Amino acid sequence: MVTLKNDFLTVLISEVGAEIHSVKNTNGDEFMWTADPDVWPMHAPIMFPICGGLKDDKYLMYGKEYTLQKHGFIRFETFKVEKSDDTNVTFLYTPTKETKAQYPFDYELRVIYTLDKNTLSAKYKVTNKSDIKMYYAVGGHEGYLCEDGIENYDVVFEQNETLGAYVLDGNLLTYDKVPVIENSNTLPLKYDYFKVDALVFKDVKSNKVTLTHRNSSKRVTVDFTGFDVLMLWTKPGAKYICIEPWSSHPDNIDSDYDFTKKYHITSLEVGETKENVHTITFEK
């Protein structure tokens, strides 16, 4: 476990999945979900090389069929700590024989966390080490603790929005939308929203959202600039909400399995590097 610490926050991050496990302020207030195994046994998994599910859990790449579970495999893999100090850490992952059987590319995935005052930045940096163009998606899945339940919280958008959430059919995305916000910047959270799984937004004008407790000063602001999809998810009655910036989304129900045609899939030429960054600001 790696610890980042300054005068505002203490952050614990595991080498397994480069996953944030805990963020506490100087009063000892916890901001992250505690990974109760009877509810949801994770804190803040990273999605790679897909976000969400694939049709029939399979895809085609360069004429070959592969099987890959929902959200990919990186959350279960052990990273190497490449470098670290009190407020920065770089985790490095390179593929194994087992993961290359699921996803055939050679690459370096670096997850770089930087703590600046009460803001934690998470950078996903991917370099293509293969001799062919590679394709991938990446995203965060941070779960934020809501001790008294999500219905005491609002998600406040940076701008007024008129948004519909895309409807999921199992792990796949349909083309139907359910209206959620009409010319407002505030989404009062309700467990009813999550009876069918998640709220999927891919036409958001805002670059930031803030999880706000209605009866206290607790706030978590997520800046997801550069990500194409915003997901909100919890389980009915659970004491957390996930605010998830994704670079792509689950397969559509009519997917033809071609990985290269996935929505906003990222491509990397040989030797090329690309980065996705989101920041999380904690206040209480």
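Those letters in the sequence shown? Residues 0 to 283, per numbering that gives the first Met the number 0, in order. For glycine and all other residues, C-beta sits at the position ideal for the given N, C-alpha and C. It should be emphasised that the depicted structure is a prediction, and the values quoted were computed from it without experimental measurement.
Closest residue to residue i among the options (Cα-Cα distance)
i	options	result
Y61	K273, R218 and K260	K260
N117	V125, L171, T86 and D202	T86
F281	I264, D250, T209 and F226	T209
T161	K99, V203, F193 and L198	V203
P44	G139, D105 and R109	G139
7 Å Cβ shell around residue i - same chain, five flanking residues per side excluded
i	result
I242	E141, Y143, V208, L210, V221 and L231
D153	T185, L186, P187, L188, T211 and R213
P48	G71, Y102, Y135 and A136
T224	N206
Q158	N184, K204 and S205
Supposed close pair residue i, residue j - CB separation, criterion 8 Å
i	j	result
T33	I149	15 Å between Cβ atoms; not a contact.
H70	G51	7 Å
H277	A121	6 Å
T292	I111	What the structure shows of the chain is the stretch from 0 to 283, and residue 292 is not part of that stretch, so it cannot be assessed.
D28	K283	5 Å
L11	T2	6 Å
Other residues of its chain near residue i: CB distance less than 6 Å, five sequence neighbours each side excluded
i	result
V228	K201, W245 and H248
N251	L172
Sheet register partners of residue i (DSSP bridge)
i	result
M46	G138
G225	Beta-bridge pairing links G225 to no other residue.
V88	S83 and Y112
D153	P187 and T211
W232	A197 and C241
E64	L59
Sequence-distant residues of its chain with Cβ nearer than 8 Å to residue i (five each side left out)
i	result
K176	G163, A164, Y165 and V166
Unbroken stretches of the beta strand (DSSP E), 3 residues or longer, contained in the segment 157 to 218: 171 to 187, 197 to 200 and 207 to 212
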